[in-house]
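Residue 124 in the working numbering is what sits at position 124 of the sequence shown, and the numbering runs on without skipping anything.
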Amino acid sequence: MGILDGRRLLITGVLTPASIAFHVARVAQEEGARVVLTAHGRPSLVRRVARRLPEPPPVIGLDVTDTGQLGSLAERVGAHLDGLDGVLHSIGYAPPSALGGNFLSTPWEDVATAVHVSTYSLTSLTMAALPLMGPGGSVVGLDFDASRAWSGYDWMGVAKAGLESCARYLAKELGPRGIRVNLVAAGPLATTAARGVPGFDGHDWDRAAPLGWDVADAGPTARACAVLLSDWLSATTGEIVHVDGGAHAVGG
Ligand SMILES: NC(=O)c1ccc[n+]([C@@H]2O[C@H](COP(=O)([O-])OP(=O)(O)OC[C@H]3O[C@@H](n4cnc5c(N)ncnc54)[C@H](O)[C@@H]3O)[C@@H](O)[C@H]2O)c1
1 MGILDGRRLL ITGVLTPASI AFHVARVAQE EGARVVLTAH GRPSLVRRVA
51 RRLPEPPPVI GLDVTDTGQL GSLAERVGAH LDGLDGVLHS IGYAPPSALG
101 GNFLSTPWED VATAVHVSTY SLTSLTMAAL PLMGPGGSVV GLDFDASRAW
151 SGYDWMGVAK AGLESCARYL AKELGPRGIR VNLVAAGPLA TTAARGVPGF
201 DGHDWDRAAP LGWDVADAGP TARACAVLLS DWLSATTGEI VHVDGGAHAV
251 GG
């Protein structure tokens, strides 16, 4: 028996085999979950990546800025699963002008894109999936510690601060329906999204973290997501679980 035996999960954010979401999907299947993936832009690319999973899952298209695609999401997921026990939000994007030291001159339109895709989508995705979810459901999002300002992270850092607040409000609104909303604040991992942040190589993290940190190992982050998607943390909501080797807890 795995900790996700029989649980039905919608997993967003698979782009490459390095994507955090790919590792969550892998761990989830190993732990007994049934999975549907979403793909932004090129479903054929994600289908190819998904073939590397223990069991290639169905892939459906989803751009979280497209209200039509959000509106039809429950129906399209419902064609593969008769309900949902969990949703993984593993989505982030900020235009280049919003990253890499342009903080003081980023135009609003680019800030708006970053917040739309990376922050507001936690709510819009959750609401789109809600018709399929009941008590015991779990929503998990991927965060990067927003309690500090990081070099080069700029408006993505602001978007993550918003994501942290958004998760707390969702937890407040959905708790009475028995649905939990939590975030995993991961240390830096070598993915496509991370490569888009100038200077974001994560090597200092290994020195700062009491447990050390491997930017090439998404396993600890994926397993933390799996635990939150399971019913093992059934009284935990509005929480941020740091999976960062302990870096957030220590000074220099
Ligand atoms: N890599 C890190 O160092 C790190 C650390 C902490 C948190 N995170 C967060 O983890 C999450 C996943 O990122 P990743 O590092 O696995 O990189 P990734 O590039 O593999 O994943 C980002 C995903 O966002 C999706 N996406 C972008 N715009 C979208 C849209 N409009 N609609 C739907 N999907 C869209 C992309 O298709 C991609 O699958 C992000 O929220 C990221 O901020 C990453």
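We put the beta carbon where it would ideally sit given N, CA and C, even for glycine.
From a predicted model like this one, the values you see are computed outputs, not experimental measurements.
With respect to 7 Å, is the separation between the Cβ of Thr12 and the closest non-hydrogen atom of ligand 1 below this value? In the sequence shown, residue 12 corresponds to position 12, counting from 1. Ligand 1 approaches Thr12 closely enough that one of its heavy atoms is under 7 Å from the residue's Cβ.
Using a Cβ-Cβ cutoff of less than 7 Å, which residues in the same chain neighbour Leu53 once the five nearest sequence positions on both sides are dropped? Taking the sequence shown and counting its residues from 1, one reaches residue 53 at position 53. For Leu53, where only same-chain residues beyond five positions count, the Cβ hits under 7 Å are Ala25, Arg26, Gln29.
Between Ala18 and chain D, is there a C-beta pair that is closer than 8 Å? The structure shown contains no chain D; it is built from a single protein chain.
Consider the C-beta atom of Ile240 and the heavy atoms of ligand 1; say whether any pair is separated by less than 7 Å. Against the sequence shown, residue 240 aligns to sequence position 240. Every heavy atom of ligand 1 is 7 Å or more from the Cβ of Ile240, so no.
With C-beta atoms as the reference, is Ala114 less than 8 Å away from Pro95? Here residue 114 corresponds to residue number 114 of the sequence shown, with the count starting at 1. Here residue 95 corresponds to residue number 95 of the sequence shown, with the count starting at 1. Cβ atoms of Ala114 and Pro95: closer than 8 Å.
Would the beta-carbon of Asp143 fall within 8 Å of that of Leu174? Taking the sequence shown and counting its residues from 1, the one referred to as residue 143 is at position 143. Taking the sequence shown and counting its residues from 1, the one referred to as residue 174 is at position 174. Taking 8 Å as the Cβ cut-off, Asp143 and Leu174 do not qualify as a contacting pair.
Could you check how far apart the C-beta atoms of Gly162 and Thr119 are, in whole angstroms? I think they sit under 8 Å. Working through the sequence shown from its first residue, we reach residue 162 at position 162. Working through the sequence shown from its first residue, we reach residue 119 at position 119. In this structure Gly162 is in contact with Thr119, their Cβ atoms being roughly 4 Å apart against a cut-off of 8 Å.
Candidates Ser147, Glu164, Gly196: closest to Val181 by CA position: Taking the sequence shown and counting its residues from 1, one reaches residue 181 at position 181. Check the Cα spacing between Val181 and each of Ser147, Glu164, Gly196: the tightest is with Glu164.
Which runs of the alpha helix (DSSP H) fall wholly inside the segment 29–83 and span at least 4 residues, in chain order? DSSP runs (the alpha helix (DSSP H)) wholly in the segment 29–83: 43–50, 67–71, 73–78.
Between Thr16 and the rest of its own chain, which residues show a CB-CB distance below 8 Å, the 5 nearest in sequence each way excluded? What you label residue 16 is simply residue 16 of the sequence shown in a count that begins at 1. The residues are Phe22, Val49, Thr191, Thr192.
Span of the alpha helix (DSSP H) around Pro220: As a first step, residue 220 is located in the sequence shown; it is residue number 220 there, counting from the start. Note, Pro220: alpha helix (DSSP H), 219–229.
Status (buried if at least 16 other CB within 10 Å, exposed otherwise) for Thr12: To locate residue 12, count along the sequence shown from 1; it is residue 12. Taking every protein chain shown into account, the CB of Thr12 has 16 or more other CB atoms within 10 angstroms, so this residue is buried.
First through last residue of the alpha helix (DSSP H) which encompasses Asp206: Counting from 1 along the sequence shown, the entry for residue 206 is found at position 206. Start and end: 203–208.
What number of angstroms, rounded off, separates the C-alpha of Ala235 from the C-alpha of Arg8? Within the sequence shown, residue 235 is the residue found at index 235, counting from 1. Within the sequence shown, residue 8 is the residue found at index 8, counting from 1. Looking at the backbone, the Cα of Ala235 and that of Arg8 are separated by about 20 Å.
Give me whichever residues DSSP pairs with Gly86 in a beta bridge. In the sequence shown, residue 86 corresponds to position 86, counting from 1. For Gly86, which the question treats as bridged, DSSP gives the partners Leu9, Ser138.
CB-CB under 8 Å to Phe103, same chain, minus the five flanking residues each way: which ones, in chain order? Position 103 of the sequence shown, counted from the first residue, corresponds to residue 103. Closer than 8 Å at the Cβ level, and outside the excluded window around Phe103, lie Asp154, Trp155.
So what does DSSP say about Ala18, is it helix, strand or coil? Here residue 18 corresponds to residue number 18 of the sequence shown, with the count starting at 1. In this structure, Ala18 counts as coil in the three-state DSSP scheme.
Starting from Ala319, trace the alpha helix (DSSP H) both ways and give me its first and last residue. No statement about residue 319 is possible, as the shown extent of the chain runs from 1 to 252 and does not include it.
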